[in-house]
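> Before I ask anything, here is the structure I am working with.
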Amino acid sequence: EEYDENALQFDVKGVFQNSQKERATKRLLRIASNFYDLLRILASAIITGKLLYQETGFLLEDINPEVILNLKPQWPLGIKLPVEDFSRQLLEALEKERILNWVQSSELVNHLANHLNKFKKYPNKQERLQICEELVQRFPYIKSEIGLGVGGWEIKLLNKLKKIRQSDPSLETELNRIKRKSNSGIVPKRIKLNPEKGEVNWTPDHIEGEDEISQTTHQQIMIEESKRSIAFQNKIKTKSLMALTFSFRQNSINNNPSIKYLKEQ
C-alpha cells in the first residue's frame with residue numbers, strides 16, 4: 046500500500062509525473078494481488094495434499110509435477126459468449142439465422158465447453174445453463190425443443206466437458222482418477238462418448254430372465270401407457286421397461302428391419 050516517491054521518475058523540471066505515479070500504484074496492486082493468489086493456491090494445495098493422503102494414501106509427490114499447478118480465474122458473475130473465437134462461417138450462420146450443420150453445431154459446442162473449462166473443470170448444471178441461456182438469448186432461433194430452449198445445448202455441453210476431462214492432465218482431474226482407483230482397486234476404463242463408425246451396431250447382453258415372450262408383454266404395456274394422456278402416464282414404469290427391452294430393441298435395429306416393421310413396433 047505504500048511506495049517510495051523518491052524511487053519514481055521525475056521529469057527534467059523535477060515535476061513528478063502523475064501518470065507514472067498511477068502506473069506504479071497499479072503495478073504494486075497487481076503484485077500484491079498475484080502474491081495473494083499464490084498464497085491462496087499454496088494453502089489449497091496443502092489442504093488438498095492432506096485430504097489426498099487421508100483418502101488414498103497417495104502424496105502429491107507421487108503425481109506428475111507438471112500437473113500440480115493449475116491456475117484458473119474465478120467464475121465470472123456474468124459469463125459471456127466467446128464470440129471472438131467463433132469462425133467466420135459459424136458467426137455468419139448464427140447472425141443470418143441459418144440452420145447449423147453438424148460441423149457448425151460441433152464447433153459451437155467446442156467453443157462453449159473450452160470457454161467454461163477456462164474457469165472450472167467441473168461446472169455444475171446451473172453454470173452450464175448460464176452460458177446456454179446466454180447463447181439462446183443472443184440467437185433465439187437455435188432454441189432446443191427441451192428444457193425451456195436450453196436443455197439440448199446443456200446436454201451437449203455436459204458430454205463435451207466429459208470428453209475434455211478424459212485427456213486433461215490437471216491436478217483436479219488427476220486427483221479424481223486416483224480417488225476412483227483407490228476406492229475400487231481397479232483402473233477405471235475410459236468409455237467413448239461418441240463411438241467410432243462400425244461400433245454403433247453394438248448389442249448388449251440380454252438381461253437374465255428376459256425372453257421373447259416377456260419382451261412382447263413389456264412392449265404391449267408400454268404401448269398402452271403411451272395411449273394415455275401425459276398426466277396419467279406411469280413414467281417410472283415406462284422407463285424401467287425401456288431398460289429391460291433395450292437389448293432386444295437394439296438387436297432388432299441391427300437386423301435392418303423394414304420401415305413397415307418399425308412403424309408397427
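With the working numbering, the residue at position 14 of the sequence shown is 59, and numbering never jumps.
In this text, a Cβ means the ideal position worked out from N, Cα and C, and glycines have one as well.
As the structure is a computational prediction, the values presented were derived from the model and not from experiment.
Distance check for residue 258 and residue 210, CA to CA, integer angstroms please.
As a first step, residue 210 is located in the sequence shown; it is residue number 165 there, counting from the start. As a first step, residue 258 is located in the sequence shown; it is residue number 213 there, counting from the start. Cα to Cα, residue 210 sits roughly 43 Å from residue 258.
> Below 8 Å on the Cβ atoms is my guess for residue 172 versus residue 165; work out the distance and round it to an integer in Å.
The residue labelled residue 172 in the question sits at position 127 within the sequence shown. The residue labelled residue 165 in the question sits at position 120 within the sequence shown. Indeed they touch by this definition, with Cβ atoms about 7 Å apart.
> Between residue 249 and the rest of its own chain, which residues show a CB-CB distance below 8 Å, the 5 nearest in sequence each way excluded?
The sequence position of residue 249 within the sequence shown is 204, counting from 1. Cβ neighbours of residue 249 beyond the five flanking positions: 291, 292 and 295.
> Please work out which residues of its chain come closer than 8 Å, Cβ to Cβ, to residue 199, disregarding the five sequence neighbours upstream and downstream, and give them in chain order.
On the sequence shown, position 154 is the one that residue 199 refers to. Here the set comprises 170, 173, 174, 177 and 192.
> Can you tell me whether residue 180 is buried or exposed? The criterion is at least 16 other CB atoms within 10 Å of its CB, across all chains shown.
For the purposes of this step, residue 180 is taken as the residue at position 135 of the sequence shown. Buried, since its Cβ has 16 or more Cβ neighbours within 10 Å.
> Cα separation between residue 143 and residue 188?
Translated into positions along the sequence shown, residue 143 becomes position 98. Translated into positions along the sequence shown, residue 188 becomes position 143. Cα to Cα, the separation comes out at about 13 Å.
> Look up residue 151 in the DSSP assignment and say whether it is helix, strand or coil.
Here residue 151 is taken as the residue at index 106 of the sequence shown, counted from 1. Helix, per DSSP.
> Three-state secondary structure (DSSP) at residue 113?
Residue numbering aside, residue 113 sits at position 68 when the sequence shown is read from its first letter. At residue 113 the pLDDT is 44, less than 50, meaning the model places this residue with poor confidence; the figure from the coordinates comes in the next sentence. If DSSP states are grouped into helix, strand and coil, residue 113 belongs with coil.
> How big is the Cα-Cα spacing for residue 134 and residue 147?
The residue labelled residue 134 in the question sits at position 89 within the sequence shown. The residue labelled residue 147 in the question sits at position 102 within the sequence shown. Going from the Cα of residue 134 to the Cα of residue 147 covers about 13 Å.
> Who are the Cβ neighbours of residue 127 in its own chain at under 8 Å, not counting the five residues just before and after it?
Position 82 of the sequence shown holds residue 127. Cβ within range, chain order: 156, 157, 159 and 160.
> Using the Cα positions of residue 262 and residue 268, report the straight-line distance between them to the nearest angstrom.
Within the sequence shown, residue 262 is the residue found at index 217, counting from 1. Within the sequence shown, residue 268 is the residue found at index 223, counting from 1. Taking the straight line joining both Cα atoms gives about 10 Å.
> Out of curiosity, what's the CA-to-CA distance linking residue 300 and residue 251?
On the sequence shown, position 255 is the one that residue 300 refers to. On the sequence shown, position 206 is the one that residue 251 refers to. Approximately 16 Å, taken between the alpha carbons.
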